[in-house]
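Each residue of the sequence shown is one higher than the last, beginning at 1 in UniProt numbering. For glycine and all other residues, C-beta sits at the position ideal for the given N, C-alpha and C. None of these values were measured; they are calculated from a predicted model. A quick write-up on the structure given underneath.
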Amino acid sequence: MNIKEYRDPHPNPWLGDGILNGVLNGVTELLSTATYSPENLIIATEEKLKVMRKIMDKDKTLWGRLQNKFNGEKPDRILVDGGMLVQLFELSKQKSPYTITPSHQYTIPYSDLYELYRKLLLVLAPEKAIRLGIKG
């Protein structure tokens, strides 16, 4: 598992260190620690995986690579909230190899997120896992 904490390489210079920046950071922290119901966690993880597959597909062409670069998307890693990662590990009965802070954001490879999703389905929705051909 290769989870890295995300730091924005391009902070917004217009916000500075003022009140607006503090408010935005507080809202981001609050939203990243929101908890999902088990069903919504499955849906949110599926959506992250779909987005990542689209980014990976776009990266196969020159035009797609330019789009990814312009949008700041990386084909090898996806941004995930710490709160979501904590829930993925807890509900799939896995132990995180790292200390994850719910209010932070992390980047994770597609294969690692898919593995967590697979284990989550086996625990929470085994009938869906069988339909998708996922085996334990």
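Please decide whether residue i counts as near chain B, where near means a Cβ-Cβ distance under 7 Å.
i: P102; result: Looking at the structure shown, chain B is missing, and only one protein chain is on hand.
What span of residues does the alpha helix (DSSP H) with residue i cover, start to end?
i: L126; result: The identity of residue 126 in the sequence shown is Pro, whereas the question assumes Leu. Where P126 is concerned, the enclosing alpha helix (DSSP H) stretches over P126 to R131.
i: G64; result: L62 to N71
i: A34; result: First-last for A34: undefined, no H or E at that position.
i: D57; result: P38 to K58
Please classify residue i as buried or exposed, where buried requires at least 16 neighbouring CB atoms within 10 angstroms.
i: G83; result: buried
i: S92; result: buried
i: E73; result: buried
i: L85; result: buried
i: R131; result: exposed
i: K48; result: buried
Between residue i and the rest of its own chain, which residues show a CB-CB distance below 8 Å, the 5 nearest in sequence each way excluded?
i: K95; result: F89
i: N68; result: I55, K58, D59, K74 and P75
Can you tell me where the beta strand (DSSP E) holding residue i begins and where it ends?
i: Q105; result: Q105 to P109
i: I78; result: R77 to D81
In angstroms, rounded to a whole number, what distance separates the CA positions of residue i and residue j?
i: Q105; j: V80; result: 6 Å
i: T99; j: R118; result: 21 Å
i: D76; j: M56; result: 8 Å
i: E115; j: K135; result: 11 Å
i: P97; j: A129; result: 25 Å
Looking only at its chain, what residues have a beta carbon closer than 6 Å to the beta carbon of residue i, apart from the 5 residues adjacent to it on each side?
i: M52; result: I78 and Y110
i: L41; result: Q87
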